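Chemist: In the order they appear, the protein sequences are chains A and B. With positions in the first sequence counted from 1, the corresponding number in the numbering used here is that position plus 384. With positions in the second sequence counted from 1, the corresponding number in the numbering used here is that position plus 23.
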Amino acid sequence: MSKPHSVIRQTITTPIVLIVVLLAMAALTYAFGSRAFNRTAIEMFINIMVVVGLYAFVGNSGLLSFGHISFMCLGAYMTAWLAIPPVMKSITLKGLPGWLLHTQLPMWVATPISGVFAALFALIVGRIIMRLSGIAASIATFGLLGVVNNVYSNWDTVTGGQGSIVGIPPTMNVWIGWLGAAVAIVIAYLYSISRSGLALRATRDEAVAASASGVDIVRERLIAFVVSAFIIGLAGALYGHFLSIVNPGSFYLRTTFITLSMLVVGGMYSLSGAVSGVVAMSVLIELFRNLEKGVSLGGVTVGLPNGVQEIAIGIITIIILIYLPTGLTRNREFSWRGWPLQRRLAPSVQTALKEIN
Amino acid sequence: MSSGGLELVAHEVSVQFEGLKALSEVTLAVPRGRITGLIGPNGAGKTTLINVLTGFQSAGTGSVALEGQAVNGIAAHKLRRMGVARTFQSGRLFRDLPVIDNLEVTGVGLGQRRRDAIAEAQRVMAWLGISHLAGMIAGALPYTDERRVAIGRAIMCTPRYLLLDEPAAGMSEHESHDLAVIIRRIAAELGIGVLLIEHNIGLVLELCERIFVLDSGEIIEVGSPTQIRNSDAVRHAYMGTQQDELLPVEEAVAS
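1. Give, in chain order, every unbroken run of the beta strand (DSSP E) that is at least 3 residues long and sits entirely within the segment 105-145 of chain B.
2. Please list, in chain order, all residues of the same chain as residue 67 of chain B whose beta carbon is under 8 Å from its beta carbon, the five residues on each side excluded.
3. With H, G and I counted as helix, E and B as strand and the rest as coil, what does DSSP make of residue 100 of chain B?
4. When we look at the beta-carbon of residue 476 of chain A and count the other beta-carbons within 10 Å, is it buried (16 or more) or exposed?
5. Measure the C-alpha to C-alpha separation of residue 497 of chain A and residue 623 of chain A and round it to an integer number of angstroms.
6. Over what stretch of residues does the beta strand (DSSP E) that includes residue 94 of chain B continue unbroken?
7. Suppose contacts are defined by Cβ-Cβ distances below 8 Å. Is residue 441 of chain A in contact with residue 609 of chain A by that definition?
8. What residues from chain B crowd round residue 589 of chain A, counting only those whose CB sits closer than 7 Å?
9. Can you tell me where the beta strand (DSSP E) with residue 40 of chain B in it begins and where it stops?
10. Quick one: list the residues of chain A neighbouring residue 192 of chain B, beta-carbon separation under 7 Å, in chain order.
11. Got a sec: is the Cβ-Cβ distance from residue 480 of chain A to anything in chain B below 8 Å?
12. Do you know how far the Cα of residue 437 of chain A is from the Cα of residue 452 of chain A?
13. Below 7 Å on C-beta distance, what does residue 597 of chain A contact in chain E?
14. May I ask you to verify whether the segment 50-68 of chain B touches the segment 206-218 of chain B, counting CB pairs closer than 8 Å and requiring at least 3?
15. I'd like the span of the beta strand (DSSP E) that includes residue 60 of chain B, first residue to last.
16. Are the beta-carbon atoms belonging to residue 104 of chain B and residue 581 of chain A less than 8 Å from one another?
17. Cβ of residue 582 of chain A less than 8 Å from any chain B Cβ?
18. If I measure Cβ to Cβ from residue 517 of chain A and keep anything under 6 Å in the same chain, skipping five residues before and after, which residues do I get?
19. Compare the C-beta of residue 38 of chain B with all C-beta atoms of chain A and state if any pair is closer than 8 Å.
20. Applying a beta-carbon distance threshold of less than 8 Å, which residues of chain B neighbour residue 391 of chain A?
21. Could you tell me whether the Cβ of residue 592 of chain A comes closer than 8 Å to any Cβ of chain B?
22. Identify the residues that DSSP records as bridge partners of residue 680 of chain A: which are they?
23. Of all the options B:169, B:170 and B:182, which has the alpha carbon lying nearest to the alpha carbon of residue 107 of chain B?
24. Looking at chain A, is there any beta carbon in it that lies within less than 8 Å of the beta carbon of residue 100 of chain B?
25. Under the assumption that residue 151 of chain B contacts residue 175 of chain B (Cβ atoms under 8 Å), give the Cβ distance between them as a whole number of angstroms.
26. Just mark residue 92 of chain B as buried or exposed, buried being the case when its beta carbon has 16 or more other beta carbons within 10 Å.
27. So, at 8 Å on beta carbons, what are the nonlocal neighbours of residue 123 of chain B in its own chain, with the 5 sequence-adjacent residues on each side left out?
28. Please classify residue 546 of chain A as buried or exposed, where buried requires at least 16 other C-beta atoms within 10 Å of its C-beta.
29. Which chain A residues are close to residue 124 of chain B, counting only those with a beta carbon under 9 Å from its beta carbon?
30. In the structure shown, what three-state DSSP assignment does residue 184 of chain B receive?
31. Using the DSSP secondary-structure output, state which residues sit across from residue 86 of chain B in a beta bridge.
32. Under three-state DSSP, which class holds residue 469 of chain A?
33. Is there at least one Cβ from chain A nearer than 8 Å to residue 25 of chain B's Cβ?
34. How about residue 579 of chain A: is its C-beta nearer than 8 Å to some C-beta of chain B?
35. Below 6 Å CB to CB, which residues in the same chain sit around residue 731 of chain A once its five sequence neighbours on both sides are set aside?
36. Given a cut-off of 8 Å on the beta-carbon distance, is the pair residue 692 of chain A and residue 670 of chain A in contact?
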């Protein structure tokens, strides 16, 4: 039984399958979807970017992070600073430095800059936070979320404080959303097959043994932290272009917990899990949103009371996690052979695994 | 005991855990290409000593030298890159990863590209005769295979020293015989200095040229297998047995 030497050749089907399936969704939405449905689809694609970015860190390192939505905040505000017309900025954001005040960049330039900004920030704070392990690291990331939110809520002359900054050109459409998701998937995939990705997954299973194998845990975690911050920074930038307004409230607890539960429901240790978690949860959210609006039955409109959506999604999440504790994909990856099939597994092992589970 | 030769040396190492003396002034040398034994009852400080030698525990006082170079306080992953490898009592495989990836991680940790690390992992698995396990998930392996994979992971890229923490624990006689063959080959064919910690004293007496006996954090005896077998200090202190009783050592040899 000879093994192919190329890791890429063995695993490339996963990102291809994911991107093609999403492309089909984008095409169907574009062809048949209403305006409102298009917006739902764009939101889903942006959430895919966020959750795939989370996966790059959480999935490979095994550390739960509550702080990644702060990178979305950083990306979105950077895009606001770069993309809002100077006339509007000079009224609402007087505190910006002159060169930034007089700049206006198109989306395809502002977005990568926003991603890099978030990544640089992650590089600085990560040098400290990545020294922690387990629950201490999670709590520190939660602190990061709080600090960033506080700064952006109160630095009035630069961020507009609690209120919204308006005027980002609303240039998003479903194709750009798909492109963003595809870019996120490709980056996360390349990271997970990289040397650093493999080393980090080893630290996830057995940190002590990974050190004994020559792995510098802090360094590998930091690399993943920066890569995931870049992806989520991009997502924040596109989110700014999607809503055309930003305010600090959109990048706080609600978004943090919804994206985390999407990741957990899908299966937090696989890229396919990250993507399918978002798709599944988005479908549920959309379904209950419509039920709340009401369904017409023989002239009578029957609707669920408002708030049922959140409760129902909470309950469904719990049910999924009881019966599929490793998520919908059971932490496996999609590929051509079988559906889904775990990589490099002999049939005898699959039987053995079933016995264990 | 010269510190400049091809040896991994602990020199008068003491370690204290909140008042409890885990090691006191322990001096031990592991020469390249030979098998050295370390025995002692539970709680004697054997694992603490391994932790000190591999950078997982800093020595309170005393020094650790790798072929003449002081390596006190150097982080574990850096010591591995300098050629000091170890295994763990509990295996500690990366249980969610396939066996080949378990080995590959070491190659990657030592700076290899994935392609090269995979090639090295395949070479090591062939050398150990575990190539058939390559695709299995490590967490699903039977106990003895787990041990062999752990050794494979440690000897990736041929380290200079290998510290084995109870590799034969829970093995049958037949299995520990196979293990003995592998340990001999590691020292003879690869020129690695092996430190073998074992409760299976028969195995230690069979394999090692020189044996250190540790009790309550102190080295109470050093010598060849014959010397250890006949040592009164070991007889009295090691197992807490009476002089007229048959030592476990002798039982193991007799069987």
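Ideal placement from N, C-alpha and C gives every residue a C-beta, glycine not left out. Computed from a predicted structure; not experimentally measured.
Modeler: So, from the listed chains and residues:
1. 107-109
2. As a working note, residue 67 of chain B is residue 44 in the second sequence. Excluding residues within five positions, the ones whose Cβ falls inside 8 Å are 237, 238, 239 and 240.
3. Along the second sequence, one-based indexing puts residue 100 of chain B at 77. Three-state DSSP puts residue 100 of chain B in a helix.
4. Position 92 of the first sequence, counted from the start, is the residue given in the question as residue 476 of chain A. Residue environment analysis places residue 476 of chain A among the buried positions, since at least 16 neighbouring C-beta atoms fall within 10 angstroms of its C-beta.
5. Locating residue 497 of chain A in the first sequence gives position 113, where the first residue counts as 1. Locating residue 623 of chain A in the first sequence gives position 239, where the first residue counts as 1. Taking the straight line from one Cα to the other gives about 14 Å.
6. Reading the second sequence from its first residue, position 71 is the one you call residue 94 of chain B. Per DSSP, residue 94 of chain B belongs to no beta strand (DSSP E) and is neither H nor E.
7. In the first sequence, the residue the question calls residue 441 of chain A occupies position 57. In the first sequence, the residue the question calls residue 609 of chain A occupies position 225. Using a Cβ distance threshold of 8 Å, residue 441 of chain A and residue 609 of chain A count as a contacting pair.
8. The residue given as residue 589 of chain A occupies position 205 in the first sequence. 117, 118, 119 and 120, listed in chain order.
9. Within the second sequence, numbered from 1, the residue matching residue 40 of chain B stands at position 17. Counting along the chain, the beta strand (DSSP E) containing residue 40 of chain B begins and ends at 30-40.
10. Here residue 192 of chain B refers to the residue found at position 169 of the second sequence. By Cβ distance, chain A contributes nothing, its closest Cβ being about 17 Å from residue 192 of chain B, past 7 Å.
11. Within the first sequence, numbered from 1, the residue matching residue 480 of chain A stands at position 96. False, the Cβ-Cβ gap to chain B never drops below 8 Å.
12. On the first sequence, residue 452 of chain A is found 68 positions in, with the first residue counted as 1. On the first sequence, residue 437 of chain A is found 53 positions in, with the first residue counted as 1. Near 8 Å, if we compare the C-alpha coordinates of residue 437 of chain A and residue 452 of chain A.
13. This model lacks chain E altogether, as its protein chains are A and B.
14. yes
15. The residue you call residue 60 of chain B lines up with position 37 of the second sequence. That run of the beta strand (DSSP E) goes 58-62.
16. Taking the second sequence and counting its residues from 1, one reaches residue 104 of chain B at position 81. Taking the first sequence and counting its residues from 1, one reaches residue 581 of chain A at position 197. Result no, Cβ atoms of residue 104 of chain B and residue 581 of chain A do not sit closer than 8 Å.
17. Walking along the first sequence from the start, residue 582 of chain A turns up at place 198. At least one chain B Cβ lies under 8 Å of residue 582 of chain A.
18. To locate residue 517 of chain A, count along the first sequence from 1; it is residue 133. Excluding residues within five positions, none has a Cβ falling inside 6 Å.
19. Numbered from its first residue, the second sequence carries residue 38 of chain B at position 15. Not one chain A Cβ lies under 8 Å of residue 38 of chain B.
20. Sequence index remark: in the first sequence, residue 391 of chain A carries index 7 (1-based). Residues of chain B passing the Cβ test: 137, 138 and 141.
21. Stepping through the first sequence from its first residue, residue 592 of chain A is reached at position 208. Chain B, which has a Cβ nearer than 8 Å to the Cβ of residue 592 of chain A, makes this yes.
22. As a working note, residue 680 of chain A is residue 296 in the first sequence. Paired residues: A:685.
23. By one-based count along the second sequence, residue 107 of chain B stands at place 84. The shortest C-alpha separation from residue 107 of chain B is found at B:182.
24. Within the second sequence, numbered from 1, the residue matching residue 100 of chain B stands at position 77. Interface residue, yes.
25. For the purposes of this step, residue 151 of chain B is taken as residue 128 along the second sequence, with counting starting at 1. For the purposes of this step, residue 175 of chain B is taken as residue 152 along the second sequence, with counting starting at 1. Their Cβ separation, rounded to whole angstroms, is 5 Å, which keeps residue 151 of chain B and residue 175 of chain B in contact under 8 Å.
26. Translated into positions along the second sequence, residue 92 of chain B becomes position 69. Flag for residue 92 of chain B reads exposed.
27. Taking the first residue of the second sequence as 1, we reach residue 123 of chain B at position 100. Residues 141, 144, 145, 148, 157 and 158 of the same chain have their beta carbon placed closer than 8 Å to that of residue 123 of chain B, with the five preceding and five following residues left out of the count.
28. Sequence index remark: in the first sequence, residue 546 of chain A carries index 162 (1-based). Exposed, by the Cβ-count rule.
29. Looking up residue 124 of chain B in the second sequence gives position 101. Near residue 124 of chain B (Cβ distances below 9 Å), the residues of chain A are 582, 585, 586 and 728.
30. Sequence index remark: in the second sequence, residue 184 of chain B carries index 161 (1-based). DSSP places residue 184 of chain B in strand when its eight states are reduced to three.
31. What you label residue 86 of chain B is simply residue 63 of the second sequence in a count that begins at 1. The partner list for residue 86 of chain B (beta bridge, DSSP) reads B:34.
32. Start at 1 with the first residue of the first sequence, and residue 469 of chain A comes out as number 85. The answer is coil: DSSP assigns residue 469 of chain A none of H, G, I, E or B.
33. Taking the first residue of the second sequence as 1, we reach residue 25 of chain B at position 2. Here the model assigns residue 25 of chain B a pLDDT of 45, short of 50, so the residue's position is not dependable and the matter cannot be decided.
34. Taking the first sequence and counting its residues from 1, the one referred to as residue 579 of chain A is at position 195. Cβ-Cβ to chain B under 8 Å: yes for residue 579 of chain A.
35. Within the first sequence, residue 731 of chain A is the residue found at index 347, counting from 1. The pLDDT assigned to residue 731 of chain A is 46, lower than 50, so where the model puts this residue is not dependable; a value taken from the coordinates is nonetheless given after this. Closer than 6 Å at the Cβ level, and outside the excluded window around residue 731 of chain A, lies no residue.
36. In the first sequence, the residue the question calls residue 692 of chain A occupies position 308. In the first sequence, the residue the question calls residue 670 of chain A occupies position 286. Not closer than 8 Å, so no.
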